[in-house]
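Heads up: the structure comes next, in structure tokens.
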Amino acid sequence: MPLRLYRGDLLLIAVLLLPLAIAAPRLGGPPGEAAALLGWVGRVGGILGLAMLLVTAALSIRLPGFDRWFGGLDRLWWLHRLLGFGAFILIMLHVLALGLARVPAGLEVAVLTLFPPLSQLALWSGWLAWLAMVIFLAPTFQFFGRLDYQRWKRLHLLSAAALLLALGHALPLAGETWPWWLLGALGMAAMVWRKLLSPSLARHPYRVESVAPLARGVVEIALRPEGRGLRYRPGQFVYLTPLDESLTAGRGEEHPYTIASAPDDPLLRLGIKDLGDASHALQTVSVGSRAMLEGPYGDFFAVDYAQRDALWLGGGIGITPFVSAARGMAAEDEGRHAQLFYLANGPDRAYYLDELTRCAEDVERLTVTAHFYREQGPLSEAFLRHHCPDYVDREIYLCGPPGMISHLRDLLAAQGVPALRIHCEVFDFL
Amino acid sequence: MNKIAYSAFIAFLASIGTLVSVQALSSDEADDSSEARDITLDELAEHASAESCWKAIHGGVYDITDYIPDHPTEEEVILEWCGRESSEAWDNKRPGRPHSPAAERQLEDYRIGRLVDDQGEPLERAEAAEPPSQAEDQPMEQEAADTAPSPAEDLRLHRAMLGQPMDGHYRGVFTDRGEIQVNITFDLRDGHLTEVNFRHLAYRGVDYLTLEEDEDLYPVMVQHRRITEWLEGEPLTSIFALYEPERVVEEVDGFSGATLRGAKVISAMRDGLNRGVYSWP
Numbered sequence: 038m039p040l041r042l043y044r045g046d047l048l049l050i051a052v053l054l055l056p057l058a059i060a061a062p063r064l065g066g067p068p069g070e071a072a073a074l075l076g077w078v079g080r081v082g083g084i085l086g087l088a089m090l091l092v093t094a095a096l097s098i099r100l101p102g103f104d105r106w107f108g109g110l111d112r113l114w115w116l117h118r119l120l121g122f123g124a125f126i127l128i129m130l131h132v133l134a135l136g137l138a139r140v141p142a143g144l145e146v147a148v149l150t151l152f153p154p155l156s157q158l159a160l161w162s163g164w165l166a167w168l169a170m171v172i173f174l175a176p177t178f179q180f181f182g183r184l185d186y187q188r189w190k191r192l193h194l195l196s197a198a199a200l201l202l203a204l205g206h207a208l209p210l211a212g213e214t215w216p217w218w219l220l221g222a223l224g225m226a227a228m229v230w231r232k233l234l235s236p237s238l239a240r241h242p243y244r245v246e247s248v249a250p251l252a253r254g255v256v257e258i259a260l261r262p263e264g265r266g267l268r269y270r271p272g273q274f275v276y277l278t279p280l281d282e283s284l285t286a287g288r289g290e291e292h293p294y295t296i297a298s299a300p301d302d303p304l305l306r307l308g309i310k311d312l313g314d315a316s317h318a319l320q321t322v323s324v325g326s327r328a329m330l331e332g333p334y335g336d337f338f339a340v341d342y343a344q345r346d347a348l349w350l351g352g353g354i355g356i357t358p359f360v361s362a363a364r365g366m367a368a369e370d371e372g373r374h375a376q377l378f379y380l381a382n383g384p385d386r387a388y389y390l391d392e393l394t395r396c397a398e399d400v401e402r403l404t405v406t407a408h409f410y411r412e413q414g415p416l417s418e419a420f421l422r423h424h425c426p427d428y429v430d431r432e433i434y435l436c437g438p439p440g441m442i443s444h445l446r447d448l449l450a451a452q453g454v455p456a457l458r459i460h461c462e463v464f465d466f467l
Numbered sequence: 059m060n061k062i063a064y065s066a067f068i069a070f071l072a073s074i075g076t077l078v079s080v081q082a083l084s085s086d087e088a089d090d091s092s093e094a095r096d097i098t099l100d101e102l103a104e105h106a107s108a109e110s111c112w113k114a115i116h117g118g119v120y121d122i123t124d125y126i127p128d129h130p131t132e133e134e135v136i137l138e139w140c141g142r143e144s145s146e147a148w149d150n151k152r153p154g155r156p157h158s159p160a161a162e163r164q165l166e167d168y169r170i171g172r173l174v175d176d177q178g179e180p181l182e183r184a185e186a187a188e189p190p191s192q193a194e195d196q197p198m199e200q201e202a203a204d205t206a207p208s209p210a211e212d213l214r215l216h217r218a219m220l221g222q223p224m225d226g227h228y229r230g231v232f233t234d235r236g237e238i239q240v241n242i243t244f245d246l247r248d249g250h251l252t253e254v255n256f257r258h259l260a261y262r263g264v265d266y267l268t269l270e271e272d273e274d275l276y277p278v279m280v281q282h283r284r285i286t287e288w289l290e291g292e293p294l295t296s297i298f299a300l301y302e303p304e305r306v307v308e309e310v311d312g313f314s315g316a317t318l319r320g321a322k323v324i325s326a327m328r329d330g331l332n333r334g335v336y337s338w339p
């Protein structure tokens, strides 16, 4: 992730530092003496770690629009993961530092500090919170390999227990409790919304209007809203929960798919590639069946990016956000120019290419260039420069499989394109 | 991130594991050495010189011969306690101030066994304690002369804050059936009794203190004098031994048949403590 600061980040930093700021007069600066310094590190680590844990929980809210404060849902998940990681590390630092700080008083005292009599519930509540974290984070950070996505998701619910146990640890022991009540309420509210309320309140009912095969293992599903449809922009995505009872897998499960239709299309179209059990089953979803949509999320073509001419590089199912944008361009009279490079293995895998070419014929400011790996090898700088001489000065958007993204990033970096001008939809996030 | 999280997790487990196991192992060692030997007061007394200096402190016996050259105070101060029960000196590095926890840990390195009586039963400090030396008392007097001791130094304040009776001169009485039976006076110095005397001792109109040698109740008076002699130099807590006077005074037959009991002496002394310091020594 390039280091770009979004407005949500500032809010995040402020909330993260709030408990520390409140406790600062009591804590003072780091003391010089070793044991006292360890104690100080332990306390600061605990305060910051718990703040991170609670803010991480709050970030799981997945409110449409809210993610754009943080540069889109994929970046929000990245922040969620980063803060969760930070919390885990800091909480262990907290335990270790506080234990070691008591070593000068005797090993027995140090061990007793960490493992007091069971009657000290607050302290043991902290240990249980840590244990819960280990259990639900072990598959997240792949301590012992990967877990199936749905089981991982269920296990991740243990974070609610960790949250409550951590609060049970901190509230009786903390010097100032109101910041913890505040952050705890934010975290719990996010979880309650996400797990209990949003499934019934935030999902919009749609019906499958058509399922059009684009290539082997790729379909475009068109959905008609039962009520008022979602309002979205090109490059955004939705969580789709199919309810079709004939599905062999993934019925009632939500998965993210990028929108391929133009914002003014009465139907919402999703380009879906067979990448797993759920997306495989969707290839044959019944026309007329019901599906719930939650979103839209993401901020791929963010309006606050510089509005210079754009270079689009799409590959595989990563072509969908560009399809949505190209379809949308026909409705707009003016705007910046865009040149799309469609990186496909071969003509048989270049789905949407015909339609994209037609769009380019209709819309003067859109150019489409196809590049076939099987014939031309990896995209070269010469190819790029030949078809788009001013590409280094353009705002660049990448979407596609990880191998393609890393190749393009290296290529662009070698030409001195600043990282801040490259925007990327990460396709392997959850 | 995954690798760091996993490494940190393992490092955390390892650190906590190390801390716990080192603690478990080192406390085992300490137990072993403390149970190493049973040492009697007689054996202890044989090591009363700079060549071999053993000291009993709070039930443990320590061979500090090698440490004597390193001790910060003059050698005589530390040598004086060789071969003896030395908890008193240990707890009063300066009057009322024990040695530091650091010194306590250091002391453990010199542990060679535990102090036992002739029957092999562990001896606690009170049973083996000896009165404090005059040499140790002197610094306290100097300190008392300070006009305004700081709260960190003021031993009287420390005792008062801990609810311990302050050093000073005390007077107390035991009355029953409208008659003063026991009137006792004593001094407390550093928590120990000195100058214990009866000012009045009577029962049913008989003034024991005026009895002649040939009178029937005279032995009872003698037994009470033995009580005061026995209390001399003892820690204040030893007054409760008088609940069983036979521990203190021989020829109990005469005593137990008499009309005055140890309990009355305890009562009178506690009365004195309740009244507080009568005058400062």
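Chains as they are written, first to last, in the working numbering: chain Y, 38 to 467; chain A, 59 to 339. Cβ atoms here follow ideal geometry from the backbone N, Cα and C, with glycine treated the same way.
Quick check on DSSP: helix, strand or coil for residue i?
i: M59 (chain A); result: coil
i: P279 (chain Y); result: strand
i: L214 (chain A); result: The amino acid at residue 214 (chain A) is misidentified as Leu; the sequence shows Arg. Note: R214 (chain A) maps to helix in three-state DSSP.
i: V307 (chain A); result: coil
i: K151 (chain A); result: coil
i: I442 (chain Y); result: helix
i: A337 (chain Y); result: It is worth fixing the name first, because residue 337 (chain Y) is Phe in this sequence and not Ala. Of the three classes helix, strand and coil, the one that applies to F337 (chain Y) here is coil, per DSSP.
i: P242 (chain Y); result: strand
i: M362 (chain A); result: With chain A running from 59 to 339 in the structure shown, residue 362 (chain A) is simply not present.
i: V400 (chain Y); result: coil
i: D248 (chain A); result: coil
i: S65 (chain A); result: helix
i: H131 (chain Y); result: helix
i: H408 (chain Y); result: strand
i: S337 (chain A); result: strand
i: D329 (chain A); result: helix
i: D391 (chain Y); result: helix
Using DSSP's beta-bridge definition, name the partner residues of residue i.
i: N241 (chain A); result: A:V231, A:H258
i: C436 (chain Y); result: Y:G351, Y:E462
i: C111 (chain A); result: A:A106
i: Y186 (chain Y); result: Answer is none; Y186 (chain Y) lacks a bridge partner.
i: P130 (chain A); result: Partner(s): none; P130 (chain A) has no beta bridge.
Chain A partners of residue i, CB-CB under 7 Å?
i: Q179 (chain Y); result: N60
i: I172 (chain Y); result: Those do not exist, as I172 (chain Y) stays about 12 Å from chain A at its closest Cβ, beyond 7 Å.
What does residue i touch in chain Y if you count any residue whose Cβ is under 8 Å from its own?
i: Q81 (chain A); result: L144, E145, A147, V148
Could you tell me whether any Cβ in chain Y is nearer than 9 Å to the Cβ of residue i?
i: S84 (chain A); result: yes
i: P159 (chain A); result: yes
i: I324 (chain A); result: no
i: Y64 (chain A); result: yes
i: V119 (chain A); result: no
i: F67 (chain A); result: yes
i: S92 (chain A); result: Confidence in S92 (chain A) is poor, its pLDDT being 45 and thus under 50, which makes the residue's placement too unreliable to answer from.
So which residues on chain A does residue i lean against when the C-beta distance must stay under 8 Å?
i: L133 (chain Y); result: F70, S73, I74
i: F378 (chain Y); result: Result: empty, since nearest Cβ-Cβ is about 31 Å, beyond 8 Å.
In chain C, which residues lie with their C-beta within 7 Å of the C-beta of residue i?
i: L165 (chain A); result: Among the protein chains in the structure shown, which are Y and A, there is no chain C.
What does residue i touch in chain Y if you count any residue whose Cβ is under 7 Å from its own?
i: V78 (chain A); result: V148
Quick one: does residue i have its CB under 9 Å from some CB of chain A?
i: R118 (chain Y); result: yes
i: F122 (chain Y); result: yes
i: L137 (chain Y); result: yes
i: F103 (chain Y); result: no
i: V140 (chain Y); result: yes
i: L53 (chain Y); result: no
i: F107 (chain Y); result: no
i: L195 (chain Y); result: no
i: M129 (chain Y); result: yes
Residues of chain A with a CB under 9 Å from the CB of residue i: which are they?
i: M329 (chain Y); result: Per Cβ cutoff of 9 Å: no residues; M329 (chain Y) is ~32 Å from chain A at best.
i: F125 (chain Y); result: A63, A66, F67
i: L208 (chain Y); result: Per Cβ cutoff of 9 Å: no residues; L208 (chain Y) is ~24 Å from chain A at best.
i: M228 (chain Y); result: Those do not exist, as M228 (chain Y) stays about 22 Å from chain A at its closest Cβ, beyond 9 Å.
i: L151 (chain Y); result: I74, L77, V78
Three or more C-beta pairs under 8 Å: does that hold for the region 220-240 of chain Y against the region 256-271 of chain Y?
no
Within the chosen definition, does the region 408-420 of chain Y reach the region 316-327 of chain Y through at least 3 CB pairs nearer than 8 Å?
no
At least three beta-carbon pairs within less than 8 Å, the region 192-210 of chain Y to the region 151-164 of chain Y
Result yes; three or more Cβ-Cβ pairs closer than 8 Å.
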